[in-house]
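S.K.: In UniProt numbering, the protein residues as written are 1 to 312.
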Amino acid sequence: MTDVIADTLSAFGEAVLAGLSQPQKTVPARFFYDRRGSELFEAITKLPEYYPTRTEIALLRAHGPDIARLSGPHRAVIEFGSGSSRKTPLLLDAVKPPVYVPIDISGDYLHEAASTLADAYPDVDVLPVTADFTRPLTLPAGAQALPALGFFPGSTIGNLSHAAAVDLLRALAATLGAGACLVIGIDTRKNPRLLETAYDDDAGVTAAFNLNLLHRMNRELDGDVPVDAFEHRAVWHDGLGRIEMHLVATRDVTFRICGRSFSLAAGESIHTENSYKYTIEEARLLARASGWEPLAAWTDHERLFALHFWRA
Ligand code: AVI
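#1: Please tell me whether, using a cut-off of 6 Å, the distance from the CB of Thr-156 to the nearest non-hydrogen atom of ligand 1 is below it.
#2: I want to check one thing, is the minimum distance from the CB of Asn-159 to the heavy atoms of ligand 1 below 6 Å?
#3: With DSSP run on the structure shown, which of helix, strand or coil describes Thr-188?
#4: On the three-state DSSP scale, how would you describe Asp-125?
#5: Apply the 10 Å Cβ neighbour rule to Ser-155 and answer buried if 16 or more other Cβ atoms are within range, or exposed otherwise.
#6: Identify every run of the beta strand (DSSP E) within the region 217–252, keeping only runs that are complete inside it and at least 3 residues long; order them along the chain.
#7: Count the other CB atoms within 10 Å of the CB of residue 315; is the residue buried (16 or more) or exposed (fewer)?
#8: Does the region 283–302 come into contact with the region 157–176, if we say contact requires no fewer than three beta-carbon pairs (one atom in each stretch) closer than 8 Å?
#9: Quick check on Ser-161: buried or exposed, where buried means 16 or more other Cβ atoms within 10 Å of its Cβ?
#10: Quick one: does the C-beta of Thr-53 sit closer than 6 Å to a heavy atom of ligand 1?
#11: Exposed or buried, Ser-115, counting other C-beta atoms within 10 Å across all chains shown (16 or more means buried)?
#12: Any Cβ of chain B within less than 7 Å of the Cβ of Leu-160?
#13: On the criterion of 16 or more Cβ atoms from any shown chain inside 10 Å, does Ser-84 qualify as buried, or is it exposed?
#14: Go ahead and pull the three-state DSSP assignment for Met-1.
#15: Alpha carbon to alpha carbon, how far is Leu-307 from Leu-60?
#16: Rounded to whole angstroms, what's the CA-CA distance from Pro-48 to His-111? Just pull it up for me.
#17: Using a Cβ-Cβ cutoff of less than 7 Å, which residues in the same chain neighbour Thr-2 once the five nearest sequence positions on both sides are dropped?
#18: For Arg-135, I'd like the list of residues in its chain whose CB is within less than 7 Å of its CB, leaving aside the five on either flank, ordered along the chain.
#19: Could you compute how far the alpha carbon of Thr-272 sits from the alpha carbon of Val-126?
#20: For my contact list, Leu-91 and Phe-12 are in at a C-beta cut-off of 8 Å; report their separation, rounded to the angstrom.
#21: Please give the ranges of any alpha helix (DSSP H) in the region 28–109, keeping only runs that are unbroken, at least 4 residues long and fully inside the region.
#22: Indicate the three-state DSSP secondary structure (helix, strand or coil) for His-271 in the structure shown.
#23: Return helix, strand or coil for Gly-142, following the three-state DSSP convention.
#24: For Thr-206, is the beta carbon positioned less than 6 Å from some heavy atom of ligand 1?
#25: Exposed or buried, which one is Ala-76 when buried takes at least 16 other CB atoms within 10 Å?
#26: Rank Val-27, Lys-87, Ala-68, Asp-123 by C-alpha distance to the C-alpha of Ala-296 and give the top, closest one.
#27: What does a CB cutoff of less than 6 Å around Leu-20 pick up in its chain, not counting 5 residues either side in sequence?
Shown next, in the form of C-alpha cells:
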C-alpha cells in the first residue's frame with residue numbers, strides 16, 4: 001500500500017514530467033502558486049511596473065455605482081478565486097449583497113479570506129465553497145434563491161488559451177444560472193514596451209516568481225535543477241496577442257526530476273506562462289462566443305486595463 005502511495009505522482013509531478021518531455025518544454029502556469037509563489041505574486045501586484053492591479057482597483061472604485069445600477073438590488077455576489085483582499089470590499093460596498101460566495105480550489109486561503117470578510121461585513125452571509133470553478137458547480141442553497149452577480153477580477157482569464165477561456169466562461173454562466181451578470185477584469189493590448197516591463201520588473205520580483213517554479217520542482221519532485229543556470233524572459237508576441245514567460249537555459253544543462261533525466265541546450269527554454277491581452281472589442285467577441293451579452297466596459301484614460309459588465 002505504501003509503495004502505491006509513494007509511486008503516485010502529484011498533479012504537479014505529472015504535469016512537469018509531461019511538459020518537459022515536449023519539443024518546446026513547458027510547465028502550466030497554475031503551478032506558480034505554491035505558498036512562496038503566492039507571496040511573490042502578491043508582491044508583483046504592488047510593483048510600480050505592474051499596472052493591472054492598481055488600475056482595476058481604481059476602475060472598481062470609480063464604477064461601483066454603475067455596477068450596482070446595472071445589476072440591480074438583491075443579488076448574490078459569487079467571486080471566482082479566493083477573495084481578492086483589496087478588490088472584494090469595493091464590490092461589496094457598491095452592491096451591498098445579502099450573500100457573498102467566494103469559490104476557490106484551495107480551501108486554506110479561502111476560509112481565511114472568508115472569515116476576515118465575514119467579520120468586516122456582519123450583514124452579509126459569507127458562504128465559501130472549495131471547488132474547481134472551471135467546471136459548472138452547484139451554489140450553496142443560501143445563494144440559489146437570488147440572481148447572481150459573478151466577479152472574476154485580475155485578468156486571470158488572460159492566462160488561458162482562447163478556447164479554454166470560452167470553455168471557462170461557459171462554465172461560469174452555467175454555475176451562475178439564469179439572469180446572471182458578470183463583472184470581469186481583462187487586461188488590454190497596449191504598447192509592447194509597457195507590457196514587457198510589467199512582466200520583467202527592475203526589482204526582479206517577476207523573475208523570482210518565474211524561477212520559483214524550478215525551486216518548487218527541486219523541493220517537491222526530488223529535483224536537482226541548477227536554478228542559477230536559468231534566467232527569466234518575458235516577450236510580447238504580437239501575432240498571438242500575448243506575453244510569454246520563459247525560463248531560458250544560459251548554458252547546457254542536465255538535471256533529474258522524479259528520477260528522470262532532462263537536458264536543455266544553452267538558449268533553450270521552458271515556457272511557463274501566457275498572458276493574453278484583449279482590446280475592448282476582442283473582449284466583447286470573447287463574451288459573445290461564450291454565451292454572454294456585453295453590456296458595458298470601463299477603462300482608464302490610458303486604456304491600460306478594462307472592467308467589463310456582461311449579462312447571461
Ligand atoms: C494571475 N495573472 C493574471 C497574472 C498575469 O498578469 O498574467 C500572473 C502574472 N505573471 C507574471 N506577472 C503576473
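Ideal Cβ positions, reconstructed from N, Cα and C, are used throughout, including at glycine.
M.R.: Based on what the coordinates show:
#1: Against the sequence shown, residue 156 aligns to sequence position 156. Yes, the beta carbon of Thr-156 sits closer than 6 Å to at least one heavy atom of ligand 1.
#2: As a first step, residue 159 is located in the sequence shown; it is residue number 159 there, counting from the start. Yes.
#3: Translated into the one-based positions of the sequence shown, residue 188 becomes position 188. Coil at Thr-188, not helix or strand.
#4: On the sequence shown, position 125 is the one that residue 125 refers to. DSSP places Asp-125 in strand when its eight states are reduced to three.
#5: Against the sequence shown, residue 155 aligns to sequence position 155. With 16 or more Cβ atoms within 10 Å of its Cβ, Ser-155 is classed as buried.
#6: 230–237, 242–249
#7: Residue numbering for the chain in the displayed model covers 1 to 312; residue 315 lies beyond these limits and cannot be assessed.
#8: yes
#9: On the sequence shown, position 161 is the one that residue 161 refers to. Classification of Ser-161: exposed, given that the 10 Å Cβ count is below 16.
#10: Along the sequence shown, one-based indexing puts residue 53 at 53. No, Cβ of Thr-53 sits at least 6 Å from all heavy atoms of ligand 1.
#11: Looking up residue 115 in the sequence shown gives position 115. By the neighbour-count rule (16 or more Cβ atoms within 10 Å), Ser-115 is not buried but exposed.
#12: Looking for chain B here will not work: only one protein chain is present.
#13: For this step, residue 84 is matched to residue 84 along the sequence shown. Buried: at least 16 other Cβ atoms inside 10 Å.
#14: Here the question's residue 1 lines up with position 1 in the sequence shown. Caution is warranted here: a pLDDT of 40 is assigned to Met-1, below 50, making its placement in the model unreliable, and the coordinate value is therefore given only provisionally. Correct three-state label for Met-1: coil.
#15: As a working note, residue 307 is residue 307 in the sequence shown. As a working note, residue 60 is residue 60 in the sequence shown. Straight-line Cα distance between these residues: approximately 8 Å.
#16: Mapped onto the sequence shown, residue 48 falls at position 48. Mapped onto the sequence shown, residue 111 falls at position 111. Near 30 Å, if we compare the C-alpha coordinates of His-111 and Pro-48.
#17: Reading the sequence shown from its first residue, position 2 is the one you call residue 2. For Thr-2, the predicted model reports a pLDDT of 40, less than 50, meaning its position is unreliable; a value from the coordinates is still stated below. So the list is empty, once near-sequence residues are dropped.
#18: As a position in the sequence shown, residue 135 is number 135, starting the count at 1. So the list reads Ala-171, once near-sequence residues are dropped.
#19: Position 272 of the sequence shown, counting from 1, holds the residue named residue 272. Position 126 of the sequence shown, counting from 1, holds the residue named residue 126. Answer to the nearest angstrom: the Cα atoms are 35 Å apart.
#20: In the sequence shown, the residue the question calls residue 91 occupies position 91. In the sequence shown, the residue the question calls residue 12 occupies position 12. Going by Cβ atoms, the distance from Leu-91 to Phe-12 rounds to 32 Å, so no, they are not a contact pair.
#21: 35–44, 51–71, 88–95
#22: As a first step, residue 271 must be located in the sequence shown, where it is residue number 271. Strand.
#23: What you label residue 142 is simply residue 142 of the sequence shown in a count that begins at 1. In the structure shown, Gly-142 sits in a helix (DSSP, three-state: H, G or I).
#24: For the purposes of this step, residue 206 is identified with residue 206 of the sequence shown, where counting begins at 1. True, at least one ligand heavy atom lies under 6 Å from that Cβ.
#25: In the sequence shown, the residue the question calls residue 76 occupies position 76. Looking at its Cβ environment, which holds 16 or more other Cβ atoms inside 10 Å, Ala-76 is buried.
#26: Translated into positions along the sequence shown, residue 296 becomes position 296. The option with the nearest alpha carbon to Ala-296 is Ala-68.
#27: As a working mapping, residue 20 is identified with position 20 in the sequence shown. Around Leu-20: Phe-262.
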